[in-house]
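Undergrad:
If you want it as structure tokens, here you go:
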């Protein structure tokens, strides 16, 4: 697996976001530290298709996993 460095990285009190290329495909990562859903979660979106490929939020009604 070829994993590139983090780019477009930013962080504040609420979230940490970055982009990273994995095997030639760019992915956008969002770590939500303070969530209105009650607990932190992580979401990963594939940028070429816009598809959410992973969301660790345990709530079924999480708006990030739609």
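Numbering (my numbering), first residue to last: 796 to 861.
Note that CB positions come from ideal geometry on N, CA and C, so glycine has one too.
If you're wondering where the values come from, they're calculated on a predicted model, not measured in any experiment.
1) Between the alpha carbons of residue 812 and residue 855, how many angstroms are there, rounded?
2) In this structure, how does DSSP classify residue 854 when only helix, strand and coil are distinguished?
3) Quick check: residue 842 and residue 823, are their CB atoms within less than 8 Å of each other?
4) In terms of alpha-carbon separation, which member of 846, 845 and 835 lies closest to residue 852?
5) Classify residue 845: buried if its beta carbon has 16 or more other beta carbons within 10 angstroms, exposed otherwise.
TA: The short version:
1) Those two C-alpha atoms are separated by around 23 Å.
2) coil
3) The answer is yes: Cβ separation under 8 Å.
4) 835
5) exposed
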